[in-house]
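Residue numbers (our numbering): 10 to 54.
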């Protein structure tokens, strides 16, 4: 889902506005989740 815009248009689709977080009943911050995944990927190669 998050790579669709990058793969097809060469740009990120997320602007980091946080509207998806404020609308999430679980208050899951997708920005933090994606950031942590990126850190793990860099750490593990």
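Note that CB positions come from ideal geometry on N, CA and C, so glycine has one too.
- For residue 43, the uninterrupted alpha helix (DSSP H) segment begins and ends at 39-53.
- Using a Cβ distance threshold of 7 Å, residue 30 and residue 38 count as a contacting pair.
- In chain order, 25 place their CB closer than 7 Å to the CB of residue 40, counting only its own chain and leaving out the 5 sequence neighbours on each side.
- Here the alpha carbon of residue 27 sits roughly 18 Å from the alpha carbon of residue 12.
- For residue 34, there is no enclosing alpha helix (DSSP H), since its DSSP letter is neither H nor E.
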